[in-house]
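**Student:** Residue numbers (the numbering used here), protein chains in the order written: chain A, 8 to 248; chain B, 8 to 248.
There's a structure below that I have some questions on.
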DNA sequence: TCAAAAGTGTTGTACTTACACCCATGT
DNA sequence: ACATGGGTGTAAGTACAACACTTTTGA
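In structure tokens form, the structure reads like this:
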């Protein structure tokens with residue numbers, strides 16, 4: 008410490024992305040099959056190294072979002088999850104990864120024939136059932152991303168990031184059910200979300216979807232924090248002991 | 008990307024610590040007065056660079072905790088807040104800082120005559136009133152640390168990390184009041200925390216503190232997540248719009 | 001006319017807030 | 001005895017899960 012000539016060891020900085028969307032009523036995450044060692048052939052979160060000395064970390068996340076998934080960061084929810092920097096997590100050297108959580112609405116099939124061709128949407132149930140192994144420490148990052156998304160659905164309007172406006176209340180309910188992995192009573196859900204004022208603003212139109220009564224359409228309101236929170240029923244199991 | 012000889016730019020990795028404790032019924036944070044440029048003379052969060060290539064990031068946080076505050080990481084709550092890596096945040100170069108939140112119980116005055124001599128406990132109200140300016144982006148990190156602590160008091164047993172066992176329920180209440188910056192009804196608080204089972208376990212002894220009826224003493228129980236959560240009244244203001 | 005999805009009413013239970021009240025101690 | 005802090009009782013108000021029920025559509 009008293010040595011004036013000591014300099015800190017340089018490390019490599021990477022970003023990793025947990026990108027969630029809703030497809031076929033299931034929560035899906037974007038993964039890329041690795042074409043090179045290490046972990047060649049395994050699936051990994053999209054990501055990459057800082058492009059240059061002057062690139063902001065969140066900008067790098069936005070760039071990778073575009074390069075690997077053909078998604079535009081400006082139109083997505085993007086938030087930091089944290090840093091992952093255990094020595095040995097990347098066999099190539101000392102790599103510190105800053106992980107981001109991104110939420111994308113279901114878009115018109117972006118990834119064919121582009122740079123993002125290697126990217127595939129994988130349903131979370133397949134990963135949670137351990138049918139897919141992830142490279143590096145990406146399983147842990149993904150789990151923490153999932154938990155973050157689950158928690159923020161309770162207390163913020165994050166769920167609307169999965170929807171394209173306008174949307175119906177049952178569209179929104181599908182998001183909650185897919186992310187939480189729990190069934191909700193549509194009648195109670197319907198009233199609960201409408202009671203939170205500033206959360207949903209009615210468009211005044213309706214959407215017919217085949218059979219059944221047409222549903223009212225909504226846009227997202229100004230409110231970002233939900234009160235009272237929508238508490239996930241899964242927690243009920245954890246309540247006792 | 009197609010250039011096989013491209014290598015990512017190296018960056019410097021630092022850790023910064025938001026260390027909270029309770030002193031004189033106020034939430035206080037440990038700051039160090041900077042002895043060198045940049046920001047010489049200003050206050051900063053304790054922290055420093057990674058010691059060597061093989062040091063784990065959380066280990067670096069533990070080491071700084073010891074070097075700058077004479078605190079033992081093994082006996083403290085320590086959790087990551089996130090990474091702060093905007094270019095220009097440190098005028099000396101490209102520094103990525105991983106911030107940690109530490110909670111310390113009030114200890115027998117550690118920091119006289121040690122390496123940690125430059126460290127001082129500063130009451131949060133003084134900082135929130137802007138009477139103290141912080142170096143780098145440390146004000147933002149500190150704010151996020153405070154918000155994290157406030158939020159985790161609601162849903163976890165984090166408050167007990169501020170207390171030395173055994174403690175009384177009003178000790179615990181003081182923690183909540185100081186961190187939330189809100190007054191609580193002692194009678195309702197008393198029952199609420201006792202109703203959460205597994206949170207507090209009675210020691211069977213009492214503590215006399217001058218006047219008044221002696222208070223029962225408790226240890227922390229096994230439970231880490233609190234149900235139902237203790238909701239901070241400060242939120243009440245945010246409920247409307 | 002029937003199934004399906006949207007939307008409304010109601011009821012019992014749980015949790016919270018506010019505050020009256022009693023208890024045990026030091027001065 | 002009385003002030004002080006610890007601890008208990010209780011009633012009003014609010015939120016919620018469960019589920020019966022009505023409305024509006026397509027087939």
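Beta carbons: idealized from backbone N, C-alpha and C, even for Gly.
(1) Please report how far the alpha carbon of residue 34 of chain A lies from the alpha carbon of residue 28 of chain A, in whole angstroms.
(2) Look up residue 84 of chain B in the DSSP assignment and give the residues it is bridged to.
(3) Is residue 15 of chain B near the ligand SAM, with its Cβ less than 7 Å from a heavy atom?
(4) Are the CB atoms of residue 165 of chain A and residue 49 of chain A nearer to each other than 8 Å?
(5) In its own chain, which residues sit with a C-beta less than 7 Å from the C-beta of residue 98 of chain B, not counting the 5 before and 5 after it?
(6) By a C-beta neighbour count over all protein chains shown, 10 Å radius and 16 as the cutoff for buried, is residue 104 of chain B buried or exposed?
(7) Using a Cβ-Cβ cut-off of less than 7 Å, give me the residues of the stretch 35-64 of chain A that come near chain B, in sequence order.
(8) Would residue 196 of chain A pass as a contact of residue 182 of chain A if the rule is Cβ separation under 8 Å?
(9) At least one CB of chain B closer than 8 Å to the CB of residue 240 of chain A: is that the case?
(10) Name the chain A residues that come within less than 8 Å of residue 17 of chain B, Cβ to Cβ?
(11) For residue 219 of chain A, return the contacting residues in chain B, with the cut-off set at a CB-CB distance below 9 Å.
(12) Look at the alpha carbon of residue 79 of chain A and the alpha carbon of residue 101 of chain A, and state the distance between them as a whole number of angstroms.
(13) Check this for me: beta carbons of residue 106 of chain A and residue 88 of chain A, under 8 Å apart or not?
(14) Could you check whether residue 113 of chain A and residue 30 of chain A sit closer than 8 Å to each other, using their CB atoms as the reference points?
(15) Suppose the cutoff is 8 Å on Cβ atoms and the five residues either side in sequence are ignored; what does the same chain contact list for residue 41 of chain A look like?
(16) Can you grab the Cα-Cα spacing for the pair residue 133 of chain B / residue 139 of chain B, in whole Å?
(17) Classify residue 178 of chain B: buried if its beta carbon has 16 or more other beta carbons within 10 angstroms, exposed otherwise.
(18) Judging by CA-CA distance, which residue of B/68, B/146, B/232 is the nearest neighbour of residue 96 of chain B?
(19) Please name the residue or residues paired with residue 177 of chain B in a DSSP beta bridge.
(20) What residues from the stretch 79-93 of chain B come within 7 Å of chain A, judged by C-beta to C-beta, listed N to C?
(21) Does any residue of chain A bring its CB to less than 8 Å from the CB of residue 103 of chain B?
(22) Given that a residue counts as buried once 16 or more other Cβ atoms are within 10 Å of its Cβ, and exposed if not, what is residue 148 of chain A?
(23) Classify residue 209 of chain B: buried if its beta carbon has 16 or more other beta carbons within 10 angstroms, exposed otherwise.
**Tutor:** In this structure, then:
(1) Along the first chain, read from residue 1 onward, the residue named residue 34 of chain A stands at position 27. Along the first chain, read from residue 1 onward, the residue named residue 28 of chain A stands at position 21. Residue 34 of chain A and residue 28 of chain A have their C-alpha atoms some 6 Å from each other.
(2) Your numbering for residue 84 of chain B matches position 77 in the second chain. Looking at the DSSP output, residue 84 of chain B bridges to B/110.
(3) Inclusion of the ligand SAM in the displayed structure is not the case, the ligand content being empty and no account of it being possible.
(4) Within the first chain, residue 165 of chain A is the residue found at index 158, counting from 1. Within the first chain, residue 49 of chain A is the residue found at index 42, counting from 1. No, the Cβ-Cβ distance between residue 165 of chain A and residue 49 of chain A is not below 8 Å.
(5) Residue mapping note: residue 98 of chain B aligns to position 91 of the second chain, counting from 1. Closer than 7 Å at the Cβ level, and outside the excluded window around residue 98 of chain B, lie 45.
(6) Counting from 1 along the second chain, the entry for residue 104 of chain B is found at position 97. Buried, by the Cβ-count rule.
(7) Listed by position along the chain: 56, 57, 59, 60, 61, 63, 64.
(8) As a working mapping, residue 196 of chain A is identified with position 189 in the first chain. As a working mapping, residue 182 of chain A is identified with position 175 in the first chain. The criterion of a C-beta distance shorter than 8 Å is not satisfied by residue 196 of chain A and residue 182 of chain A.
(9) For the purposes of this step, residue 240 of chain A is identified with residue 233 of the first chain, where counting begins at 1. No, residue 240 of chain A does not count as interfacial toward chain B.
(10) Here residue 17 of chain B refers to the residue found at position 10 of the second chain. When 8 Å is used as the limit between beta carbons, residue 17 of chain B is near these residues of chain A: 17, 18, 19, in chain order.
(11) For the purposes of this step, residue 219 of chain A is taken as residue 212 along the first chain, with counting starting at 1. Below the 9 Å Cβ cutoff, chain B contributes no neighbours of residue 219 of chain A, its closest Cβ being approximately 34 Å away.
(12) In the first chain, counting from the first residue as 1, residue 79 of chain A sits at position 72. In the first chain, counting from the first residue as 1, residue 101 of chain A sits at position 94. When rounded, the separation of the alpha-carbon atoms in residue 79 of chain A and residue 101 of chain A is 30 Å.
(13) Your numbering for residue 106 of chain A matches position 99 in the first chain. Your numbering for residue 88 of chain A matches position 81 in the first chain. Judged by beta-carbon spacing, residue 88 of chain A lies within the 8 Å limit of residue 106 of chain A, meaning their Cβ atoms are closer than that value.
(14) As a first step, residue 30 of chain A is located in the first chain; it is residue number 23 there, counting from the start. As a first step, residue 113 of chain A is located in the first chain; it is residue number 106 there, counting from the start. The answer is yes: Cβ separation under 8 Å.
(15) As a position in the first chain, residue 41 of chain A is number 34, starting the count at 1. Excluding residues within five positions, the ones whose Cβ falls inside 8 Å are 47, 48, 49, 50, 51, 142.
(16) For the purposes of this step, residue 133 of chain B is taken as the residue at position 126 of the second chain. For the purposes of this step, residue 139 of chain B is taken as the residue at position 132 of the second chain. Whole-angstrom Cα-Cα distance: 7 Å.
(17) In the second chain, the residue the question calls residue 178 of chain B occupies position 171. Label assigned to residue 178 of chain B: buried.
(18) For this step, residue 96 of chain B is matched to residue 89 along the second chain. For residue 96 of chain B, the nearest C-alpha among the options comes from B/146.
(19) Residue 177 of chain B sits at position 170 when you count from the first residue of the second chain. Note: residue 177 of chain B is not bridge-paired with any residue in the DSSP secondary-structure output.
(20) Those residues of the stretch 79-93 of chain B that come within reach of chain A (Cβ to Cβ, closer than 7 Å) are 87, 89, 90, 92, 93.
(21) As a working note, residue 103 of chain B is residue 96 in the second chain. Using a CB distance cut-off of 8 Å, residue 103 of chain B counts as an interface residue toward chain A.
(22) Translated into positions along the first chain, residue 148 of chain A becomes position 141. Looking at its Cβ environment, which holds 16 or more other Cβ atoms inside 10 Å, residue 148 of chain A is buried.
(23) Residue 209 of chain B sits at position 202 when you count from the first residue of the second chain. By the 10 Å Cβ count, residue 209 of chain B comes out exposed.
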